[in-house]
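A.B. asks: For the sequence shown, my numbering begins at 1466 and goes up steadily by one. Virtual Cβ for every residue (Gly too), placed ideally from N, Cα, C.
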Amino acid sequence: MRRDSMSAVDNVNRRSAVFNTLPKPPELPAFDYQPKVYDGPSYDAVRQMRQRYLTPALLTFYKNPIMIVEGSMQYLFDETGRRYLDGIGGIVTISVGHCHPYVTRKGVEQLQTLQHATTIYYHPAIAEFGKALAEKLPDELSVIYFVNSGSEANDLAIMMSRLYTGNYDIVALRNCYHGGSPASMGLTAHSTWKFNYPHSFGIHHAVNADPYRGPYGWDDPEAGTKYAADIQNLIEHATPGQVAAFFAESIQGVGGTVVFPDGYLKAAYAITRAAGGVCIADEVQTGFGRTGEHYWGFQSQGVVPDIVTMAKGIGNGAPLAAVATRPEIATLLSERTHFNTFGGNPVSCAMGKAVLEVIEREHLQQNCLDVGGYLMDGFRKLMDKHPIIGDVRGKGLMTGIELVKKRATKEPAAKEAMQVFERSKDMGLLIGKGGFFGNVLRIKPPMCITRADVDYLIEVFDIAFTEL
Ligand SMILES: Cc1ncc(COP(=O)(O)O)c(C=O)c1O
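1) Just reading off the beta strand (DSSP E) that residue 1714 is part of, what are its end residues?
2) Where in the region 1481-1523 do unbroken runs of the alpha helix (DSSP H), each at least 4 residues long, occur, reported from the N-terminal end onward?
3) Would residue 1693 and residue 1740 be called neighbours here (beta carbons separated by less than 7 Å)?
4) Locate the beta strand (DSSP E) running through residue 1610, then write down its first and last residues.
5) Note the first and the last residue of the continuous alpha helix (DSSP H) segment covering residue 1567.
6) Would you identify the three-state DSSP class for residue 1868, choosing helix, strand or coil?
7) As an exercise, report each continuous beta strand (DSSP E) stretch of at least 3 residues that is fully enclosed by the region 1594-1640, in chain order.
8) With DSSP as the reference, label residue 1473 as helix, strand or coil.
9) Answer yes or no: do residue 1782 and residue 1813 have a C-beta to C-beta separation smaller than 7 Å?
10) Helix, strand or coil, according to DSSP, for residue 1539 in the structure here?
11) Taking the alpha carbon of residue 1590 as the reference point, which residue from 1858, 1769, 1611 and 1605 has its own alpha carbon closest?
12) Quick one, which of 1891, 1574 and 1548 has its alpha-carbon nearest residue 1563's?
13) Which residue's Cα is closest to the Cα of residue 1876: 1893, 1696, 1891 and 1902?
14) Start and end of the alpha helix (DSSP H) containing residue 1787?
15) For residue 1670, which residues from the same chain have a beta carbon less than 7 Å from its beta carbon, with the 5 sequence-adjacent residues on both sides left out?
16) So, for residue 1843: in the same chain, excluding its five sequence neighbours on each side, which residues have a beta-carbon less than 7 Å away from its beta-carbon?
17) Closest to residue 1715 by C-alpha separation, out of 1683, 1768 and 1666, would be which residue?
18) Which partner residues does residue 1549 have in the DSSP bridge list?
19) Within 6 Å: the Cβ of residue 1544 and any heavy atom of ligand 1?
20) Just the C-alpha distance for residue 1784 and residue 1561, rounded to the nearest angstrom, thanks.
21) Identify whether residue 1467 lies in helix, strand or coil by the three-state DSSP scheme.
22) Name the DSSP bridge partner or partners of residue 1747?
23) Quick check on residue 1497: buried or exposed, where buried means 16 or more other Cβ atoms within 10 Å of its Cβ?
24) Can you name, in chain order, every residue of its own chain whose Cβ lies under 7 Å from the Cβ of residue 1855, other than the five neighbours on each side?
25) Mark residue 1588 as exposed unless 16 or more other C-beta atoms lie within 10 angstroms of its C-beta, in which case mark it buried.
26) Ignore the nearest five residues each way along the sequence and tell me which others in residue 1508's own chain have a CB closer than 7 Å to its CB.
27) Find the nearest neighbour of residue 1759 within the set 1634, 1568, 1862 and 1619, judged by alpha-carbon distance.
28) Comparing the CB of residue 1675 with every heavy atom of ligand 1, is any distance shorter than 6 Å?
29) Find the nearest neighbour of residue 1626 within the set 1790, 1558, 1578 and 1820, judged by alpha-carbon distance.
30) Beta carbon of residue 1909, beta carbon of residue 1554: below 7 Å?
31) Assuming residue 1713 and residue 1742 form a contact by the criterion Cβ under 8 Å, report the distance between their Cβ atoms to the nearest whole angstrom.
32) From which residue to which residue does the beta strand (DSSP E) around residue 1899 run?
33) CA-CA distance, residue 1499 and residue 1896?
34) Going by beta carbon distance, what residues of the same chain come within less than 6 Å of residue 1805, once the five residues before and after it are set aside?
35) How about residue 1614: is its Cβ closer than 6 Å to a heavy atom in ligand 1?
36) Going along the chain, which unbroken runs of the alpha helix (DSSP H) with 4 or more residues stay wholly within the region 1783-1856?
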């Protein structure tokens, strides 16, 4: 196959062309790492191949998408060797750092020994990882089922809840995102992500517990129970009075870093259990210490779910996801054969176990708390200076900034969010964007970022907000 290769001279030319068009950006913190000289297909060749051979449905960030060819810890490099601070971690997936040396070594060692065999044979990697993961969860949630993606984990959780309870109806929240497979798309409640295709049978969406946009704000100490009352209402009016499950992200991610008021999940769980249902926490974005205060997002609400789904950060980029539950729920899947070819793959499990070890050894949950707090202080200072910032929120390194045209009306400032998003990229900072109106900047970097990175990030935002 012919490969259009880029010479080192082309690389340098392209790099200077990029820099010459930009005002001088703030300096990224020093980082002792030299990316390889990229000699693969050129940017244009890759663009053309994508356009010609890949689905047009692929989403790309930025008016002029960037090509990322290398990563190390919290940084990414494009084909010209330009370094970026990764403020979104491959959509909240890089937990311990790009190509973390220990995780990579464990993956490569396993790859060179046995890549695949499936769970029809014993293998130590899945057993050891299952044990290590269960030890991180509340005692009740002692059984793990490995799959490959968050959508798959949520599909399985839907099925488990229906089999276990004998009920069909499920309550999820408006503004949630739980995946793009037909079943998990049914849970998802954003028209942007829902195709005109049957997918939501038996799924009902309660009013979102959003203290910024909803009727009950942070100043209302009863907000949690008031929002939860809608679940009771929904169960009484839209279901036979019995449900299979209540599903919620512990902090809504794609929906724009929506943090529920205290007491919300406690009340929601009590209502669900009284209607015969189980409670499912989607920890795909919030798990593994990212929220700083706790290892799992649900812990900040003082609840213990019956089923926990996880993906993304669990594997630091390995295609790995899991469902954790109680033995009496898990046992139902033994009534038939439920098989998953790649679930529990030795390479993914070796990497997943290494991720757990790194989180402990490098105190990354603590780093999320410390650096996340420092980041939030920076956001608050930006909010004091830039009236377009309507709200800053989050926990640890799961954060968001919501932009509004006027604080009093909360009219979403989506165009401005896009402008900050683009300008940040020009200055070397990659972030995410979300929220129902597309007006929330999402900052969820690898959990290893430093205070120096935060100083840089705040400086970039300050410039971008000042330019609006
Ligand atoms: C909270 C949450 N749940 C589930 C998913 C689906 O995960 P996947 O894309 O791995 O199927 C996502 C993906 O963004 C997510 O954010």
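C.D. replies: This is what the structure holds:
1) Locating residue 1714 in the sequence shown gives position 249, counting from the first residue. 1710-1714 is the span of the beta strand (DSSP E), which, as asked, contains residue 1714.
2) 1508-1518
3) Walking along the sequence shown from the start, residue 1693 turns up at place 228. Walking along the sequence shown from the start, residue 1740 turns up at place 275. No, the Cβ-Cβ distance between residue 1693 and residue 1740 is not below 7 Å.
4) For the purposes of this step, residue 1610 is taken as the residue at position 145 of the sequence shown. Its beta strand (DSSP E) spans residues 1608-1612.
5) Sequence index remark: in the sequence shown, residue 1567 carries index 102 (1-based). 1566-1576 is the extent of the alpha helix (DSSP H) around residue 1567.
6) For the purposes of this step, residue 1868 is identified with residue 403 of the sequence shown, where counting begins at 1. Residue state, collapsed to three classes: strand.
7) 1608-1612 and 1635-1638
8) Numbered from 1 along the sequence shown, position 8 holds the residue referred to as residue 1473. Confidence is the limiting factor: at residue 1473 the pLDDT is only 43, short of 50, which leaves the residue's position unreliable and the question unanswerable from this model.
9) To locate residue 1782, count along the sequence shown from 1; it is residue 317. To locate residue 1813, count along the sequence shown from 1; it is residue 348. Their beta carbons are not under 7 Å apart, which means residue 1782 does not touch residue 1813 by this criterion.
10) By one-based count along the sequence shown, residue 1539 stands at place 74. In the structure shown, residue 1539 sits in coil (DSSP, three-state: anything other than H, G, I, E or B).
11) Position 125 of the sequence shown, counted from the first residue, corresponds to residue 1590. Closest by alpha carbon: 1611.
12) As a first step, residue 1563 is located in the sequence shown; it is residue number 98 there, counting from the start. Residue 1563 has its Cα closest to that of 1548, out of 1891, 1574 and 1548.
13) Here residue 1876 refers to the residue found at position 411 when the sequence shown is read from its first residue. Among 1893, 1696, 1891 and 1902, the Cα nearest to that of residue 1876 is on 1902.
14) Indexing the sequence shown from 1 puts residue 1787 at position 322. Segment 1786-1790 is the beta strand (DSSP E) holding residue 1787; no alpha helix (DSSP H) there.
15) Within the sequence shown, residue 1670 is the residue found at index 205, counting from 1. For residue 1670, where only same-chain residues beyond five positions count, the Cβ hits under 7 Å are 1637, 1638, 1639 and 1654.
16) Position 378 of the sequence shown, counting from 1, holds the residue named residue 1843. Contacts found: 1919 and 1923.
17) To locate residue 1715, count along the sequence shown from 1; it is residue 250. Comparing Cα positions, the closest option is 1768.
18) Position 84 of the sequence shown, counted from the start, is the residue given in the question as residue 1549. Per DSSP, 1541.
19) For the purposes of this step, residue 1544 is taken as the residue at position 79 of the sequence shown. Not under cutoff, so the answer is no.
20) On the sequence shown, position 319 is the one that residue 1784 refers to. On the sequence shown, position 96 is the one that residue 1561 refers to. For residue 1784 and residue 1561, the distance between alpha carbons rounds to 15 Å.
21) Here residue 1467 refers to the residue found at position 2 of the sequence shown. Low confidence applies here, because residue 1467 scores a pLDDT of 33, under 50, leaving its location unreliable and the question unanswered by this model.
22) Residue 1747 sits at position 282 when you count from the first residue of the sequence shown. Paired residues: 1714 and 1774.
23) For the purposes of this step, residue 1497 is identified with residue 32 of the sequence shown, where counting begins at 1. It is exposed - the Cβ of residue 1497 has fewer than 16 other Cβ atoms within 10 Å.
24) By one-based count along the sequence shown, residue 1855 stands at place 390. The answer, listed in chain order, is 1867, 1868, 1869, 1872 and 1875.
25) Your numbering for residue 1588 matches position 123 in the sequence shown. Buried, by the Cβ-count rule.
26) Here residue 1508 corresponds to residue number 43 of the sequence shown, with the count starting at 1. Excluding positions up to five away in sequence, the list reads 1532 and 1544.
27) Numbered from its first residue, the sequence shown carries residue 1759 at position 294. It is 1862.
28) By 1-based counting over the sequence shown, the position of residue 1675 is 210. Flag unset: Cβ of residue 1675 not near ligand 1.
29) Here residue 1626 is taken as the residue at index 161 of the sequence shown, counted from 1. Considering only alpha carbons, the answer is 1790.
30) The residue labelled residue 1909 in the question sits at position 444 within the sequence shown. The residue labelled residue 1554 in the question sits at position 89 within the sequence shown. Contact flag set, yes.
31) Here residue 1713 corresponds to residue number 248 of the sequence shown, with the count starting at 1. Here residue 1742 corresponds to residue number 277 of the sequence shown, with the count starting at 1. With a Cβ gap of about 12 Å, residue 1713 and residue 1742 do not count as contacting.
32) In the sequence shown, the residue the question calls residue 1899 occupies position 434. Where residue 1899 is concerned, the enclosing beta strand (DSSP E) stretches over 1897-1899.
33) Residue 1499 sits at position 34 when you count from the first residue of the sequence shown. Residue 1896 sits at position 431 when you count from the first residue of the sequence shown. So the alpha carbons of these two residues sit roughly 23 Å apart.
34) For the purposes of this step, residue 1805 is taken as the residue at position 340 of the sequence shown. Within the same chain, residue 1805 has close Cβ partners 1612.
35) One-based indexing of the sequence shown puts residue 1614 at position 149. Under cutoff, so the answer is yes.
36) 1792-1795, 1811-1826 and 1829-1850
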